[in-house]
Amino acid sequence: MGITVYNPQKGRNETIEAVFTAENTTWFDTATDNRDIHKITDWKGGLLISELNYTYPFLIYDVSRADIGYDPIRARAIRDQYE
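For the sequence shown, our numbering assigns the number 704 to the initial residue and increments by one for each residue that follows.
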């Protein structure tokens, strides 16, 4: 499925083909605020970080869910580096 993501390494939005499944995505049911991390997804050697709002997911290269311990706090820290 084609989705638009923000790629901070390139400084622009782009469309990628991604599928969100139980095998490649961790959902966080504890997300309640619109800036909370809603899900993290492994994608082609990188990580998609999605907030609980309508902003585009962030695509971060060379990081996986396992690298950050499947932790939404660590995902937030990585995402905040690109603000």
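C-beta atoms are modelled at their ideal positions from N, C-alpha and C, and glycine is treated no differently.
None of these values were measured; they are calculated from a predicted model.
Simplified DSSP assignment, three categories, for residue i
i: Ile-776; result: helix
i: Ile-771; result: coil
i: Asp-745; result: strand
i: Arg-715; result: strand
Anticipated Cβ contact below 8 angstroms, residue i with residue j, distance rounded
i: Phe-731; j: Pro-775; result: 5 angstroms
i: Asn-737; j: Glu-754; result: 7 angstroms
i: Glu-717; j: Met-704; result: Their Cβ separation, rounded to whole angstroms, is 15 angstroms, which puts Glu-717 and Met-704 out of contact at 8 angstroms.
Classification of residue i by the beta-carbon crowding that lies within 10 angstroms, buried from 16 upward
i: Arg-782; result: buried
i: Gly-749; result: buried
i: Ala-725; result: exposed
Pair within 8 angstroms by beta-carbon distance, residue i and residue j
i: Arg-715; j: Ile-743; result: no
i: Tyr-773; j: Thr-733; result: no
Cβ pair count under 8 angstroms reaching 3, the region 754–772 against the region 709–723: Using a Cβ-Cβ distance cut-off of 8 angstroms, the region 754–772 and the region 709–723 are in contact, since at least three pairs of beta carbons, one from each stretch, lie closer than that value.
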